[in-house]
Amino acid sequence: MPNNSVARPVRVRFAPSPTGDLHVGNIRTALFDWAYARHTGGTFIFRIEDTDKDRVTDEYIQAAADTLKWLGLTWDEGPEVGGPYGPYLQSERLDIYATWAAKFLADGFAYHCYCSADELEAVREAQRKANVAPGYNGHCRDLSADHIAAYKSEGRLPVVRMRMPDGSTTFTDLIRGEVTFDHNFVPDFVLVRANGSPLYTLAVAVDDVMMKVSHVLRGEDLLSSTPRQIRVYQAMGVSEADYPLFAHLPFVMGQDNAKLSKRNGEVSIAWYRERGFLPEAICNYLALLGWSPGEDREDVTMKELTELFTVERVHSSPARFDMKKLEAINGDKIRALSPELFLEKSLPFLTDAKVLTGSAEELAVLGKALPIIQERVATLAEVPAMLKFLFVKEFEVEESSLSKITDEESKKLLSVAYDRLQSVGDWTHEGIEEVLRKALIEELGLKPRIAFSAIRIAVTGSHISPPLFESMELLGREISLSRLKSLI
RNA sequence: GGCCCCGUCGUCUAGCGGCCUAGGACUCUGGCUUCUCAAGUCAGCUACGAGGGUUCGAAUCCCUUCGGGGCUACCA
Numbered sequence: 063m064p065n066n067s068v069a070r071p072v073r074v075r076f077a078p079s080p081t082g083d084l085h086v087g088n089i090r091t092a093l094f095d096w097a098y099a100r101h102t103g104g105t106f107i108f109r110i111e112d113t114d115k116d117r118v119t120d121e122y123i124q125a126a127a128d129t130l131k132w133l134g135l136t137w138d139e140g141p142e143v144g145g146p147y148g149p150y151l152q153s154e155r156l157d158i159y160a161t162w163a164a165k166f167l168a169d170g171f172a173y174h175c176y177c178s179a180d181e182l183e184a185v186r187e188a189q190r191k192a193n194v195a196p197g198y199n200g201h202c203r204d205l206s207a208d209h210i211a212a213y214k215s216e217g218r219l220p221v222v223r224m225r226m227p228d229g230s231t232t233f234t235d236l237i238r239g240e241v242t243f244d245h246n247f248v249p250d251f252v253l254v255r256a257n258g259s260p261l262y263t264l265a266v267a268v269d270d271v272m273m274k275v276s277h278v279l280r281g282e283d284l285l286s287s288t289p290r291q292i293r294v295y296q297a298m299g300v301s302e303a304d305y306p307l308f309a310h311l312p313f314v315m316g317q318d319n320a321k322l323s324k325r326n327g328e329v330s331i332a333w334y335r336e337r338g339f340l341p342e343a344i345c346n347y348l349a350l351l352g353w354s355p356g357e358d359r360e361d362v363t364m365k366e367l368t369e370l371f372t373v374e375r376v377h378s379s380p381a382r383f384d385m386k387k388l389e390a391i392n393g394d395k396i397r398a399l400s401p402e403l404f405l406e407k408s409l410p411f412l413t414d415a416k417v418l419t420g421s422a423e424e425l426a427v428l429g430k431a432l433p434i435i436q437e438r439v440a441t442l443a444e445v446p447a448m449l450k451f452l453f454v455k456e457f458e459v460e461e462s463s464l465s466k467i468t469d470e471e472s473k474k475l476l477s478v479a480y481d482r483l484q485s486v487g488d489w490t491h492e493g494i495e496e497v498l499r500k501a502l503i504e505e506l507g508l509k510p511r512i513a514f515s516a517i518r519i520a521v522t523g524s525h526i527s528p529p530l531f532e533s534m535e536l537l538g539r540e541i542s543l544s545r546l547k548s549l550i
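Counting in the numbering used here, the first sequence runs from 63 upward without gaps.
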């Protein structure tokens with residue numbers, strides 16, 4: 063059975079068919095492909111499966127490339143960078159597939175099939191009724207010259223269909239072990255459409271062989287198409303030792319055990335990017351779906367992932383995607399950011415939310431404000447709301463909090479605070495805290511949470527905010543006091 | 001229906017015959033800390049789908065069964 067004992071260079075490809083934004087499942091596959099290539103010191107190939115041009119657009123291809131780059135999954139061969147086995151877009155390799163298809167026809171591995179869609183459907187219908195294995199019935203396998211002439215005169219255009227021999231195919235899946243498919247359940251399959259365009263089954267096998275791919279790590283949904291790929295290798299005259307090794311990755315599923323989809327939670331990586339998830343958090347989380355480094359370890363950097371990743375530790379059972387866990391990991395990764403990086407990554411979210419205009423004074427305040435909220439956010443998208451009070455021109459207390467400070471007692475409290483705050487020498491958080499504690503806690507005998515809550519609302523506009531005294535220091539004496547005064 | 005894959009806490013997982021009265025993480029609940037929210041910290045809840053074997057011993061091996069998923073296209 064295909065099992066090459068002789069070491070050959072590791073070459074792994076990620077070959078999506080970008081019919082939309084790359085989604086969580088795609089990326090998990092890409093991540094494992096990439097990690098395996100990097101772990102082994104092999105080559106990571108990025109190939110676009112765009113034989114179905116109606117569904118794959120240039121924008122999607124570009125978006126896929128951008129997403130991979132954003133995540134840090136850079137490729138050694140593929141679009142933009144080229145490579146010795148290009149082109150890497152299947153739409154640019156059509157002549158190659160045509161040549162092979164012609165050869166398969168000439169060598170008797172494949173044949174022209176003239177059956178119409180209606181006829182094939184009728185066959186399937188009959189098979190369903192008769193409760194037998196569905197699939198092509200071999201009608202055109204051995205057509206006479208007369209028969210062919212008759213079909214041609216009807217104007218029928220044939221597809222190229224691969225002939226599956228009797229017997230079975232067994233291969234060793236790196237994750238699932240030995241898998242066997244009886245050819246009774248692998249019907250003759252189409253390689254080339256009537257319009258001359260190649261199908262996935264042809265293109266994928268031809269490319270993997272010609273690009274010298276050594277390991278095919280791909281989704282579990284392709285498991286049952288493997289015998290067909292192997293048949294194409296055989297028709298190409300590839301020796302068993304040169305077949306790629308297969309590893310079929312378990313699915314990433316949505317909450318209710320269904321395949322991940324829009325209904326189940328967001329699947330597009332772009333969506334996560336816009337919501338302030340860090341690429342390293344997404345990769346770390348996705349790496350844990352169907353794989354684990356063992357030893358109760360969960361936190362891994364991209365570098366550690368490439369060091370630790372092995373196919374042996376990949377699971378065979380599907381995993382469910384859990385947004386809560388992603389958020390937790392994202393929070394960890396945000397806290398692990400250096401102040402400089404946190405600033406750099408937060409900035410676009412602040413400006414997009416129109417909280418910042420980008421002036422030098424704002425940036426100076428921001429530089430001091432970010433450290434006090436770094437451990438308070440789970441995503442970058444939460445940053446603007448948390449710091450808005452520092453930068454708004456027209457300050458307003460949020461409606462749900464306003465009622466808590468409009469009673470007489472609160473007004474009195476705010477009034478005392480306002481008066482005593484005048485005496486603060488250096489407007490620092492220490493100075494502010496000292497004065498406020500003395501006036502409100504010691505002298506008025508209030509509970510800290512009651513007293514400071516009122517001031518918090520008055521100054522930041524919300525009952526939830528960064529630490530109060532630091533916030534007031536950053537806001538400055540003038541603005542802090544004027545906000546208090548306006549509510550007395 | 002047929003073929004194939006899969007089955008440990010709610011979720012992701014550790015476990016690869018004795019170290020398991022099953023460990024970690026997320027979630028949830030309660031406590032501590034505390035100017036709010038977080039963070040941190042302590043504790044708690046909850047799992048080997050079921051039934052048969054094999055074995056001195058099974059979450060780990062085998063069989064059956066049930067359950068979930070994939071494929072069954074001139075999609076990938």
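We treat Cβ as the ideally placed atom computed from N, Cα and C, and that holds for glycine.
Return the CA-CA distance between residue i and residue j, expressed in angstroms with no decimal places.
i: F313; j: D95; result: 15 Å
i: R109; j: V521; result: 55 Å
i: K387; j: Y347; result: 8 Å
i: S408; j: A99; result: 32 Å
i: W489; j: I107; result: 58 Å
i: S286; j: F243; result: 8 Å
i: E535; j: L543; result: 11 Å
i: S79; j: S524; result: 47 Å
i: R545; j: E505; result: 23 Å
i: P71; j: V445; result: 46 Å
i: M273; j: G148; result: 8 Å
i: Q484; j: S477; result: 11 Å
i: L135; j: P528; result: 36 Å
i: S421; j: L428; result: 11 Å
i: M315; j: P146; result: 36 Å
i: L399; j: M385; result: 21 Å
i: I331; j: D128; result: 11 Å
i: S462; j: A125; result: 41 Å
i: R539; j: R482; result: 12 Å
i: I541; j: K416; result: 20 Å
i: Y334; j: G352; result: 20 Å
Grab me the residues of residue i's own chain with a C-beta within less than 7 Å of its C-beta, minus the 5 sequence neighbours each way, in chain order.
i: S378; result: I237, R238, P312
i: R225; result: F171, A172, Y173, R203, D250
i: P433; result: P401
i: G82; result: Y122
Identify which residue in the options has its Cα closest to the Cα of residue i.
i: S259; options: L502, L428, S408, S153; result: S153
i: A77; options: L399, D270, R511, L156; result: D270
i: L93; options: L133, S354, D414, T105; result: L133
i: R382; options: V275, A349, D469; result: A349
i: H277; options: S286, M298, H310; result: H310
i: K430; options: Y147, E532, L367, D116; result: E532
i: V248; options: L205, Y198, G281; result: Y198
i: P306; options: V254, E369, G148, F233; result: F233
i: A297; options: D169, E424, T242, P355; result: D169
i: A513; options: A415, L399, K473; result: K473
i: E216; options: S178, D138, Q124; result: S178
i: I367; options: V294, H85, T81, R90; result: Rather than Ile, the amino acid found at residue 367 in this sequence is Leu. The option with the nearest alpha carbon to L367 is R90.
i: P220; options: L167, P380, N88; result: L167
i: L475; options: I550, D180, I541; result: I550
i: T468; options: K365, R218, S548, D358; result: S548
i: I391; options: E437, K509, R482; result: E437
i: F69; options: A303, L182, E240, A97; result: Here residue 69 turns out to be Ala, not Phe, going by the sequence shown. For A69, the nearest C-alpha among the options comes from A303.
With a threshold of 8 Å on Cβ separation, who are the neighbours of residue i within its own chain once the five nearest residues in sequence on each side are excluded?
i: G493; result: V486, G487
i: V266; result: A77, E111, Q291
i: G281; result: G87, T91, H310, L311, F313
Please go through the same chain and pick out, in chain order, the residues whose beta-carbon is closer than 6 Å to the beta-carbon of residue i, but skip the five residues on each side of it.
i: R290; result: F251, T263
i: V222; result: A163, A172, L253, V254
Is the distance from the Cβ of residue i to the Cβ of residue j below 8 Å?
i: L452; j: A479; result: no
i: L530; j: R518; result: yes
i: G338; j: A447; result: no
i: E389; j: T363; result: no
i: H201; j: D228; result: no
i: R75; j: V300; result: no
i: G103; j: R73; result: no
i: V439; j: I396; result: yes
Is residue i a contact residue of the ligand ATP, with contact defined as CB to any heavy atom under 7 Å?
i: V427; result: The model on display carries no ligand, and the ligand ATP is accordingly not part of it.
**OP:** Run through the stretch 252-323 for me and flag every whole alpha helix (DSSP H) of 4 or more residues, listed as ranges in chain order.
**Re:** 262-272, 288-298
Which runs of the alpha helix (DSSP H) fall wholly inside the stretch 498-548 and span at least 4 residues, in chain order?
510-522, 530-537, 539-547
Alpha helix (DSSP H) runs wholly inside the stretch 162-219, at least 4 long, in chain order: 179-192, 207-215
Give the list of continuous beta strand (DSSP E) stretches no shorter than 3 residues that lie fully inside the stretch 401-484.
none
Inside the stretch 96-174 only - alpha helix (DSSP H) runs reaching at least 4 residues:
120-133, 156-169
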